[in-house]
Amino acid sequence: MPTHDDSSSPVPADPSAPTQRSAEEELVEARMRLAAVVETSDDAIVTKTLDGVIRTWNRGAERIFGYRAEDIVGQPIQRLLPPDRIEEETDILNQLQRGERVDHFETRRVRNDGRVIDVSVTISPLRDASGRVVGASKIARDITDRVRAVEKVRFLADASAALAELSDYESTLQRIAGLSVPAFSDWCWVDMQGPDGAIRRLAVAHSNPERVNFVRDLWRRFPAHESDPRGPMAVMRAGRPVWAPEVNDEVLARFAHDDEHLRAIRSLGLRSFVCVPLKSRTGAIGAVTFMTAESGRAYQLDDLHAAEDLAHRAVITIENSRLLAELKESDRRKDEFLAVLAHELRNPLAPIRNATQVLRAKAPPIPELLWARDVIDRQVSQLTRLVDDLLDVSRIAQGKLELRKQRVALSTVVNDAVEAVRPLVAKWGHQLTVDIPSETVLVEGDASRLAQVLLNLLDNAAKYTDQGGSIRLSAKREGDEVVIRVADNGIGIPPDMLRRIFEMFMQVDRSLERTREGLGIGLTLVERLVALHGGTISANSAGPGTGTEFVVRLPAIGADAAGAAVDRELGDTPVPRGGLRVLVVDDNQDSADSLAMLLRLGNHEVRTANDGAAALGADASFLPDVLVLDIGLPKLNGYEVARRIRAQRGRRPVLVAMTGWGQQEDRRRSSDAGFDHHMTKPIDFHALKAILAGVAASHPPSAGP
Ligand code: ADP
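Spelled out as structure tokens, the structure:
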């Protein structure tokens, strides 16, 4: 077997040897020793000419690259290079021409069986007696196992990181399958069994997408069955892994459904596999199969253990993410339920409120009657606020609350809130002081929502402070922020509850003796509304009995924009003297009747209808100036009624939508259907009166049918 070629020998003859014969003998001996070292080396030691032709090839090279010396000597070295590294040889030869050594670089080479291996290579120039570079010697060491071990560790670390993310388990398993190629396998698939017993191939990973499609197609044509004696189904059933260090044709034949299937599986070129079950507490829910093919890697026992460990952790993630999904789902259903509940609770409030207005206008001044009316009035207001808060919280939770933002003067917001809380403050005999800057301070926000925030805080301060307490609201600009403080000298809050009171339904004192009414959602709403305005809220208290301070921080707007402040005035609008013809349409008879009665008190001529068809009939005969139309009507809904009336009577009458839904989208829909105004239930009677006054002023009431 040719191991060395004299022309490229690295050991030139020594001309100064003492005796010709003994020097020659020594030289021969030295060469033989050297040849023996080269021959027995585990590393591949190869020499080549400067144009890349292999000249010598030791046993180590035979072992590492698979070629016998007689087959490869005389061949170009490029035969050992994978297609993506052909350029590498040109660079190496250039370096050698310059007489430079190429030290320990790690690269890849191809064996005669097509397997790609990792090697560490050192290449040195070979010179002739005159010192001219005539070729190169190359020492290559197979480092595939070391590289694989590093890649495996990296893969397991990446897979653990993916599992820790706790996103949905399907995409996590798909990611893990993807990460395993080529670090741990050439092929990976994940099969999951659904609650109905059906098997789904959740992931197939390979470096070549066409091959992935091939396997997916194969899976469709030869689907797994629960009773399969081998493969993922058998692993799931037994709950034990299967490991094949070497796959031969006999093994493949056992997996194949028929000859065609066998041919297809053969074409995958599988060499080794491990298949591990995904075992939950209730049994196996799936299986992960790692396979090798072109890498030629044979799975060892520690690979099986690594795969089992990974499967174990994957199941924990799957169970956690299922739990999380269930929690999210029940949370979503709760939000939906709250939204529907609040919406339904609102409906009966409208007629009750209208009825008290009627009593206010018409009831005889009997003290007991007036007292009863005021009780109903107050309780309805309280109930309306609770229901509104509930509705708002559920809207925020569903991402459906929209802010109508504009530049608002802080003083407007504070005044609105203070006015609204006055009755409660008076009832408790508290002293309320307000300290706000005299210059205009502006914030970008929804005026009524910001007032709602302050009102909730003031309301709490009044509720959670014993009779005759003091409450102080102060606001000022601090740097880029507007800081609003609501402080009381009331019952205080224990330190461990200072953060928790912002959680939904959280109340410090749930005892039955508790006299202060509430649902425990006010502060949740406040915190979320403040966050929607880009602000923060915190609570301070030195503990029970020491009072509480809430601090709201909102982004401020530069004072130069003061001119843009919008001041709102919600004064009472005078009732038109002539009166209009108004048609009130609502399927809730009480609602329609009570609103009608209120409007009649304002000199308007009013009729009612309780469904869409009746509304159209009444419109045609009564020719109202204004229709106040509920949207959710039987027979024809409010949108449809509006559209038909617009089609028949043009711009007149004025159409007012009356609905439980007040989102931007709802407003857009009602305006598209032809409505002029959109009011949410229970409707604000002052606002309705203002609309009627506007109609009366812009066109005198019509003469009637
Ligand atoms: P509610 O007042 O309806 O119970 P909130 O969400 O407004 O609900 O408040 C949650 C809890 O925070 C209250 O039940 C009360 O225990 C506590 N809390 C709120 N404001 C104050 C305050 N100013 N002083 C003392 N405790 C307060």
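Here numbering that gives the first Met the number 0 is used: the first residue of the sequence shown is 0, the next is one more, and so on.
Note that CB positions come from ideal geometry on N, CA and C, so glycine has one too.
Given the structure is predicted, the values throughout are model-derived calculations rather than measurements.
Check whether residue i and residue j have beta carbons under 7 Å apart
i: V246; j: P276; result: no
i: Q705; j: E401; result: Only positions 0 to 704 of the chain appear in the structure, and residue 705 is not among them; the question remains open.
i: R484; j: S473; result: yes
i: V146; j: D117; result: yes
i: V584; j: H603; result: no
i: I435; j: Y463; result: no
i: D458; j: T547; result: no
i: M290; j: W186; result: yes
i: A202; j: L162; result: no
i: V481; j: L553; result: yes
Assigned exposure category for residue i - 16 Cβ within 10 Å defines buried
i: I315; result: exposed
i: E568; result: Reliability of the predicted coordinates at E568 is poor, the pLDDT of 31 falling under 50, and the value obtained from them is presented with this limitation in mind. Looking at its Cβ environment, which holds fewer than 16 other Cβ atoms inside 10 Å, E568 is exposed.
i: W188; result: buried
i: L368; result: exposed
i: T39; result: exposed
i: W370; result: exposed
i: F64; result: buried
i: G282; result: exposed
i: L691; result: buried
i: G616; result: exposed
i: Q378; result: exposed
i: I365; result: exposed
i: E294; result: It should be pointed out that residue 294 corresponds to Ser in this sequence rather than to Glu. By the neighbour-count rule (16 or more Cβ atoms within 10 Å), S294 is buried.
i: H677; result: buried
i: F154; result: buried
i: H685; result: exposed
i: N212; result: exposed
i: I85; result: exposed
i: M31; result: exposed
Coarse secondary structure for residue i, derived from DSSP in three states
i: A362; result: coil
i: E225; result: coil
i: K399; result: coil
i: M505; result: coil
i: F289; result: strand
i: G444; result: strand
i: W370; result: helix
i: G649; result: coil
i: S724; result: No answer is possible for residue 724: the residues shown for the chain start at 0 and end at 704.
i: A310; result: helix
i: R239; result: coil
i: R484; result: strand
i: V627; result: strand
i: L385; result: helix
i: T281; result: coil
i: Q430; result: strand
i: Q378; result: helix
i: S129; result: coil
i: N539; result: strand
i: I644; result: helix
i: E438; result: coil
Bounding residues of the alpha helix (DSSP H) (the contiguous stretch that carries residue i)
i: H685; result: 684-697
i: P181; result: 168-182
i: M596; result: 588-600
i: L162; result: 143-163
i: R421; result: 409-427
i: S620; result: 611-621
i: D90; result: 85-96
i: A263; result: 258-265
i: A530; result: 521-531
i: I63; result: 58-64
Cross-strand partners of residue i (DSSP beta bridge)
i: N212; result: Per DSSP, none; premise fails for N212.
i: M678; result: M657
i: V52; result: P75
i: P276; result: A286
i: P124; result: A135
i: N247; result: Bridge partners of N247: none, in fact.
i: K47; result: I53, A135
i: R606; result: L582
i: W186; result: M290
Residue i, enclosing beta strand (DSSP E) - first and last residue
i: E477; result: 469-477
i: I490; result: Run containing I490: none; DSSP gives neither H nor E here.
i: R107; result: 101-109
i: T464; result: Looking at the DSSP string, T464 is not in any beta strand (DSSP E), and its letter there is neither H nor E.
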